[in-house]
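All residue numbers for the sequence shown refer to the numbering used here, where the first residue is 2 and numbers rise by one.
Presented below is the structure to which this report refers.
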Amino acid sequence: MKWQKIEDAISKATGKTFRSDRPSSVGGGCINAAYHLQGDQQDYFVKLNSADRLDMFEAEAAGLQELANANALKIPAPVCTGVADNQCFIVMQYIPFGGRGDASVMATFGEQLAQLHRYTQKQYGWFRDNTIGSTHQPNHYEDDWLFFWRKHRLGFQLDLACRHGLGAGAQSKGEKLLAQLEEFFDGYQPEASLLHGDLWSGNYAISSEGEPVIFDPAVYFGDREADLAMTELFGSFGREFYAAYQNSWPLDEGYTVRKTLYNLYHILNHYNLFGGGYGSQAMGMMDRLLAEIC
Ligand code: ADP
């Protein structure tokens, strides 16, 4: 029943009748159940979650579309979202992965990410909220980057982390950091670039045709350094990637310190999602950042 409803939704969205063979399960995700749907010489990638998470998939589809609008990198085209029985679904283009991330492909990736970041607008934020992992990510438009980062990013995750019991002293350290954010931005005014927003190594792949593909985004318009910082958080994207990015659009030298500030957001989010050692990692990062300004 569920799959038939999803097939109907795909047929309606594309205007072409679609009936699939048995869905095959796709591993590798962190949050959702994922499937490859094939039939009638069409291929789709489908993620499922409980019906109350429809909003998360609607935001993901809008994010994929926004990334595609920038025309910089290969993005799975969103097809439709909806609810079938008690599950919500997102359907997008299926892209066969498995190409090699060799030096020239990673250099292309670096160049294309810089191109994505050149897709800018005046205000920071986005037209709708979305999620980072499965945590709510507020995106109210703001004119001021520091105000945006303080209120909708670091402050938001710090609040959550304190409510989730992040160790003694977290609140005062966090407040001190939030009060002194300006110290990290002396002479640096970032543009409002379109960001993937969750660019760790699990959210890109190389297609079988050798193109870098990014997916599972948490998009908003903000400082491009935040995307770069995350590429360095859980392993690195490699020398060629960074050299090509720098060659296309050099980074300000203050990035080396600010990247800890930007990654603190993700480590706090990991603490909020998974607990455990991410709490002490976040505390250590706050200590390092405060030491920069004391
Ligand atoms: P989750 O939202 O659960 O984190 P992902 O969006 O990361 O799930 O997708 C899970 C896995 O499915 C990815 O690691 C990737 O290997 C594969 N995948 C993601 N998008 C596509 C796609 N459009 N086509 C083919 N495979 C995909």
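Don't be surprised by glycine CBs; every beta carbon is placed ideally from N, CA and C.
These numbers come from a predicted model, not from an experiment.
For residue 38, the enclosing beta strand (DSSP E) starts and ends at 34–40. Counting along the chain, residue 81 sits inside no alpha helix (DSSP H); it lies in the beta strand (DSSP E) bounded by residues 79–85. Distances from the CB of residue 60 to the heavy atoms of the ligand ADP are all 6 Å or more. With a cut-off of 6 Å, the C-beta of residue 213 is classified as distant from the ligand ADP, since no heavy atom of the ligand falls inside that distance. The beta carbon of residue 58 is closer than 8 Å to those of 48, 50, 82, 89, 90 and 91 in its chain, skipping five residues each way along the sequence. Going by DSSP, residue 18 is part of no beta strand (DSSP E) at all; its letter is neither H nor E. When 7, 17, 222 and 177 are compared, the shortest CA-CA separation from residue 24 is found for 7. Here residue 93 carries a strand assignment [DSSP, helix/strand/coil]. Taking a contact to require three or more Cβ pairs closer than 8 Å, the region 242–260 and the region 141–160 do not qualify as touching. Rounded to whole angstroms, the gap between the alpha carbons of residue 236 and residue 202 is 7 Å.
Residues 163 of the same chain have their beta carbon placed closer than 7 Å to that of residue 172, with the five preceding and five following residues left out of the count. Judged by DSSP in its simplified three-state form, residue 7 adopts helix. Contact between residue 14 and residue 123 is ruled out by a C-beta separation of about 32 Å, above the 8 Å threshold.
An exposed status is given to residue 97, since fewer than 16 other beta-carbon atoms sit within 10 Å of its beta-carbon. Classified as exposed, residue 281 has fewer than 16 neighbouring CB atoms from the shown chains inside 10 Å of its CB. Take residue 294, set aside five residues on each side of it, and the residues of its chain with a beta-carbon closer than 8 Å to its own are 181, 184 and 185, in chain order. When C-beta atoms of the region 104–113 are compared with those of the region 243–256, three or more pairs fall below 8 Å, so the two segments count as touching. Using a Cβ distance threshold of 7 Å, residue 75 and residue 214 count as a contacting pair. For residue 140, no beta strand (DSSP E) run applies, since DSSP gives it neither H nor E. Counting along the chain, residue 258 sits inside the alpha helix (DSSP H) bounded by residues 256–275.
Within the DSSP secondary-structure output, residue 294 pairs in no beta bridge. Residue 55 is not a Cβ neighbour of residue 27, given a cutoff of 7 Å.
Annotated as distal: residue 204 and residue 230, with beta-carbon spacing of 7 Å or more. Between the alpha carbons of residue 158 and residue 19 lies a gap of roughly 42 Å. Note on residue 121: under 16 other CB atoms within 10 angstroms of its CB, so exposed under the neighbour-count rule. Taking each of 38, 199 and 153 in turn and checking the Cα distance to residue 232, the smallest one comes out for 199.
Taking a 10 Å sphere around the C-beta of residue 93, we find 16 or more other C-beta atoms and assign the residue as buried. Bounds of the alpha helix (DSSP H) holding residue 111 are 104–118.
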